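**Student:**
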Amino acid sequence: MSTKITNIITKLDSLLTSSFSQIPKNKSVGILFSAGVDSSLIAKYAKDLKFKPELFTFGSDYSKDLELAKKLASDLVLPFNYLSLSEKEITKTAKKVVPLLHRLKIDPNLMQISLSIGFYAISRVAKEKGITLFLSGQGSDELFGGYNKYLKLEIRNLKLKMEQDTLNLFKVDIKRDRFMTRQSDIDIFFPYLDRAFIAYAQNLPLSLKIKGDKRKWILRQLAKQKGLPDYIYNRPKNALQYSSGIQKIVEKLVKKNQI
């Protein structure tokens, strides 16, 4: 690895560590955890920085995340909590989150409902465990080119699209996630969305973010350097609403007019 790449990884590490320094030490920390590279890296920093985090994962019978999440929790020696949502529980929770999405003026489409169900429900579990602050990996995909759609864009349009998506993240996704967790009196912090981290990441060459069909390349190098296993730093991106299996059930319920 070149000195330039090593220096960039070192700078990312320093900025992310600085972002974590904003978290009050008296908080009881939970990680919204899917075993993707984003949330896994957040979990590793939280552990190394002595926040004593617990991992929280949600899904359904169709979940693709559970086995890897359990494996990494074991490898990191961190407490792991899994909430399996049945169709009945998803239906019940959907009827609670749809009005909340309307209050936020967010279109209650399949994706928004599915994600809101997961965050709303897992927050109830975390509250019973005494968690007062969630950490989330939101923002990494927009900063480091994590979405499939980015592979289809010409370079001249790619940087602008990623910057626009980062701005939109604050208008919809962050607002949604924070509102859903606050229904259980749990706040949420987004380490990747620290202002200094965003500024540095957005100015990195696109060639370090997307290499061929490998997305978030430089972030994966950071994850490798921090000691995460290859089954994590090489794991392909899976959107949470799909990997949790919740959207599959929500789609079925919408077709039956049960939501």
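Okay, so the sequence shown: first residue is 77 according to the numbering used here, each after it adds one. Ideal placement from N, C-alpha and C gives every residue a C-beta, glycine not left out. Here the structure is a predicted model, which means the values were calculated and not measured.
#1: From which residue to which residue does the beta strand (DSSP E) around T133 run?
#2: Grab the span of the alpha helix (DSSP H) containing N310 for me, first residue to last.
#3: For D261, which of helix, strand or coil comes out of DSSP?
#4: Under the assumption that I156 contacts L117 (Cβ atoms under 8 Å), give the Cβ distance between them as a whole number of angstroms.
#5: K290 bridges to which residues according to DSSP?
#6: Mind pulling the alpha helix (DSSP H) runs of 4 or more residues that sit fully within the region 151 to 219?
#7: What residues in its chain sit with their C-beta under 6 Å from that of T208, if we drop five residues either side in the sequence?
#8: Have a look at I325, F96, R296, N83 and flag the residue whose alpha-carbon is nearest the alpha-carbon of D124.
#9: Spatial neighbours of K235 within its chain, please: CB distance less than 7 Å, with the 5 preceding and 5 following residues excluded, ordered by chain position.
#10: Pick out the complete alpha helix (DSSP H) segments inside the region 228 to 257, 4 residues or longer, and give them in chain order.
#11: Over what stretch of residues does the beta strand (DSSP E) that includes L108 continue unbroken?
#12: Could you check how far apart the C-beta atoms of L161 and I322 are, in whole angstroms? I think they sit under 8 Å.
#13: Can you look up A139 in the DSSP assignment and give me helix, strand or coil?
#14: What is the DSSP secondary structure of N224, counted as helix, strand or coil?
**Tutor:** Taking the geometry as given:
#1: 130 to 135
#2: It is not in any alpha helix (DSSP H) - N310 carries neither H nor E in the DSSP assignment.
#3: coil
#4: First, the residue type needs correcting, since residue 156 is Phe and not Ile in the sequence shown. That belief does not hold up - the Cβ atoms of F156 and L117 are roughly 17 Å apart, past 8 Å.
#5: K287
#6: 163 to 179, 186 to 204
#7: K103, S104
#8: F96
#9: L282
#10: 231 to 247
#11: 105 to 108
#12: 7 Å
#13: In the sequence under discussion, the amino acid at residue 139 is Ser, which differs from the Ala named in the question. Coil.
#14: helix
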